[in-house]
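Reading through the structure tokens given below for one structure.
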Amino acid sequence: MTSALAWIWAPAVLVGVLTGLGLLVQRLARVVVPASLIPAVGLAAAILLVTAVFQLGGSHTVAVVLFVVGGVAGFAVAGRDALRRLRPGPGLLAGAFVYALYLAPVALSGEWTWAGYNFVNDTSVNFVYVDRIVHHGFDLIGGPPSTTVAIADEPIGSRYPLGVHALLATWEPLALAPLAAIYQPFIAVLAALAGSSLTLLARRAALPALAAVVAAVAALGAQLVFQYGLQGGIKELAMVALLAVSAAIAYEAVAERLRPGLVAVLVICLAPMIAVFSAAGALYGATLGVAVAIAIALSPRRPSRAAVLRCVGLGAAVVVLAALPNLGDAISFGDYARKIFAGEGGASTAFLGQLLRPLPAAQAAGVWLSEDYRGPVEEGLKTPQGILIGVMIALAAFGLAVELRRRRLAVGLLLGASGLTALIGSVSLNPYANAKFLVLLSPAVVLMAAVGVWALARRVPLLAVPLGAAALAGVAWSDAIAYHQVRLAPIERMESLERAASYAERYGDGLWLFNEWEEYAKYFMRGVRINAATESVSPRRVQLRRPGPIFGQHFDLDQQQLAYIEGFPGIVVRRSPVDSRPPSNFRRVYASRLYELWRRTGAAPREHLPLEGRVVSAAVPDCAEVRALARRARGGRLVAARHPATAVLDPMYAKRSPGWVPDQSDPGTLTPITPGEAHGAVRTRAGRYVAWLRGSFMRPVLVEVDGRLLGQVGAINTPRQFLAVGEVSLSAGSHRVTIRRGGGALHPGNGVHGNIGPLVFVRAEPARLVSVSPSAAERSLCGRQWDWIELVGPSR
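With my numbering, the residue at position 228 of the sequence shown is 248, and numbering never jumps.
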């Protein structure tokens, strides 16, 4: 039911309200806007409307009411002629195809989720931003500190642009589905609106209806913009939609000799770019203005000087009225961004963000035949990659030449604005920011290449057909790779986090230590105060016994300082067969299949002796250390945590397929580049065991014991974490164990290699605490394996 609401009902409601707002803008401007542009014009109006509400201190309820009332009013005042023009056409067909393209990686998984998990987790921050807008608008949250509050308040201090987040927050209650479920459909709708606008631009560039639809779908399938859509880039996709509709309206305005109503609509489409992209959005508006000036100079029917002056005056007035609520924030964030994204003179010069290297400008050609768009491929003009990029650029150049010769720019307006902005950015900004400019440039390049193909087909059809087919195949090939490599979020684990948070709420307002590198915890556990220990923005960052890098890492509790752990009244831990039990004064109060909650119940231990093995956080202690603890007891006792019996098959040291190679980014695991297996023997005592496999894998991984299938697992995971495979009864002695990963399939994400680590069999018995007197410590604790040993009791 949630999936149906998220994929069908919610997008239909959003497009319906946006269409109404577009009709309202059309009526107020007293012009006729092409039907395929109406919803995209409504998108611009909606962002302006809801952002202004929040900027002026209005509540979420006020924004929702005005959003709905505006949409209904648009249909009410549209008139029969306007409604009749909303009949299906090429723009709607292109939008439907684009929506299906962007939703396919999620929909074909069979359940609602979102893409880009643990690839670029900016989506986790976007979830927090949207949730804070729903409950607090643009005001600071304040109150007791937590990771969620710290992240939520961050954009207010930096004046981060929240225009598209505000629209998503306003639409959420109408969607009747959770925010996480509607996030990917929202991105797909933004892409679909861009597709409708690009279809009109292609039609104005003389492409027939069907060819225009294919061109628009290919343009939104351009590799970079499609990849950003699959990593949660709502700002980038919103900008693509706004830039496309602005270019289309600009063409209509030039064709109508700068009719005032169309100029007003154009500025309304440009103004929200500031709310979405801050100062960079204003730059896009300026470069589109330059492109419009060139189009006017080329036009055989130039507007009068009076019309140009009226246009400039009207545009300035509408910009002031429409963009005024965001201008102050844009200026402030622009100052902040210049320091962060500067192209020279500081550490930010080489800032890459999620990138592995600066993206080459050629990547804007829409083709990149690599499993990871951030990485290189075989270079050279004679490679398939080089040939396809060369074909795309040559076709785009020919298309631009054709438009210039016709003295009428259509797609040239979009290419000019996005290309000039990307050129300016390449000079002054760092690789991370430049990548965003290339994203916005890529649809224009591919669409202009389509113009070139069609123009060539009218002159040399025998040449146009293979070149056009090659360009289209290059885009489709690139998208197929992206689909095959998509990382879908593990919804079951997110829901488990929410359930754990619901249970934790009964313990009041204390700060919980969250001990896993899971960036979505700050959203799914927002109901309680959590301190994500390894997040860069948290009230109390992790304090390690041996300091080192913390980003993207998981640390066992025994690797952290005891005083740090004892500073929290509660701990949230991921269930694991190898991690340490919390200190002895913590009691488990909740356990699910994936998470546990522990509460501090008494005085902290005086000393804590961690014992770490190579795989399991348990080992035989040094008797000298045990004796030293006993001597310092002085009225206290020694408490030791017994870890259940384990047996381990480590693929790193087992017989394995040659295509399974060590993972450099996650030591102790293998990357299965090819289908294959690892196998070996483990020795166990008789009993019931639970098998856990460490790693992260979209393609199912099977585990066999003595030739029988024990179970299979398949989900993207967080660093150093395990997934439960199943339970099995084992006799005493040796058992043959096999870990197997099969061949590829057409499921989304099936091409993600992931990594595979140790397989751990844990005897199904509870971990126990053993308390001994100092005099019995050596006899009871030496020579046996323990998780840790603590000195508790009266202090000196």
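Quick reminder that beta carbons are idealized off the backbone N, C-alpha and C, glycines included.
Everything numeric in this text was worked out from a predicted model, so none of it was measured.
Report the three-state DSSP secondary structure of residue i (helix, strand or coil).
i: E174; result: helix
i: L121; result: helix
i: L34; result: helix
i: A20; result: Because the chain is modelled from 21 through 816, residue 20 falls outside the range shown and cannot be assessed.
i: I360; result: At I360 the pLDDT is 46, less than 50, meaning the model places this residue with poor confidence and gives no usable figure here.
i: Y137; result: coil
i: G354; result: Here G354 scores only 47 on pLDDT, less than 50, and its place in the model is too uncertain to base an answer on.
i: P739; result: coil
i: V537; result: The displayed chain sequence assigns Trp, not Val, to residue 537. In this structure, W537 counts as coil in the three-state DSSP scheme.
i: L460; result: helix
i: Q732; result: strand
i: T758; result: strand
i: Q573; result: coil
i: V51; result: coil
i: V562; result: coil
i: G366; result: At G366, the pLDDT of 49 sits below 50, so the modelled position is not reliable; the number obtained from the coordinates is stated separately. Three-state DSSP puts G366 in coil, outside helix and strand.
i: I254; result: helix
i: R100; result: helix
i: W806; result: strand
i: V260; result: helix
i: Q580; result: strand
i: L750; result: strand
i: V782; result: strand
i: V480; result: coil
i: I591; result: strand
Residue i: which of the options sits nearest, CA to CA?
i: I288; options: F742, S558 and A49; result: A49
i: A242; options: L227, I501, A306 and P404; result: I501
i: Y673; options: L629, L244 and I776; result: I776
i: Q405; options: L730, A437, L389 and M718; result: L389
i: L263; options: A96, I294 and L250; result: I294
i: V598; options: Q204, W806 and S319; result: W806
i: L743; options: A765, S749, P768 and F781; result: F781
i: A796; options: R651, R626 and V209; result: R651
i: L218; options: R377, I409 and I58; result: I58
i: G715; options: Y709, D726 and T691; result: T691
i: P814; options: S446, P625, G130 and E131; result: P625
i: A491; options: A229, A306, V471 and E555; result: V471
i: L461; options: L483, A489 and V431; result: V431
i: R179; options: P164, Y149, I550 and D642; result: Y149
i: G696; options: I176, G679 and R783; result: G679
i: S446; options: P378, I511, V422 and P463; result: P378
i: T22; options: Y203, Q581, V310 and A381; result: Y203
Residue j and residue i - do their beta-carbons sit closer together than 8 Å?
i: V636; j: L789; result: no
i: E798; j: R647; result: yes
i: V757; j: L669; result: yes
i: L160; j: D173; result: yes
i: F95; j: L43; result: yes
i: R657; j: V721; result: no
i: G771; j: H504; result: yes
i: G249; j: A114; result: no
i: L318; j: W474; result: no
i: Y271; j: R223; result: no
i: L801; j: V812; result: no
i: R719; j: A698; result: no
i: L41; j: V209; result: no
i: F139; j: R507; result: yes
i: L2; j: A291; result: The question about residue 2 has no answer, for the chain in this structure spans 21 to 816.
i: L286; j: A273; result: yes
i: L487; j: L435; result: no
> Touch check for the region 77-96 and the region 187-198: three-plus C-beta pairs under 8 Å?
Replying inline: yes
> Could you give the uninterrupted runs of the beta strand (DSSP E) lying entirely in the region 371-447, keeping only those of 3 residues or more?
Replying inline: none
> What are the uninterrupted segments assigned as beta strand (DSSP E) that are 3 or more residues long and contained completely in the region 649-729, given in chain order?
Replying inline: 657-662, 666-669, 680-682, 690-692, 696-704 and 707-725
> Do three or more CB pairs link the region 538-557 to the region 622-639 at distances below 8 Å?
Replying inline: no
> What are the start and end residues of each continuous alpha helix (DSSP H) run of 4 or more residues lying completely inside the region 503-559, in chain order?
Replying inline: 511-524 and 541-544
> So, do the region 231-238 and the region 48-66 have three or more beta carbon pairs nearer to each other than 8 Å?
Replying inline: no
>> Can you confirm whether the region 730-749 touches the region 463-477 when touching is taken to mean that 3 or more C-beta pairs between the two stretches lie within less than 8 Å?
In response: no
> Counting only runs that start and end within the region 596-654, where is the beta strand (DSSP E) found for 3 or more residues in a row?
Replying inline: 606-611, 615-620 and 627-630
>> With a threshold of 8 Å, are at least 3 pairs of Cβ atoms found where one atom belongs to the region 143-150 and the other to the region 521-533?
In response: no
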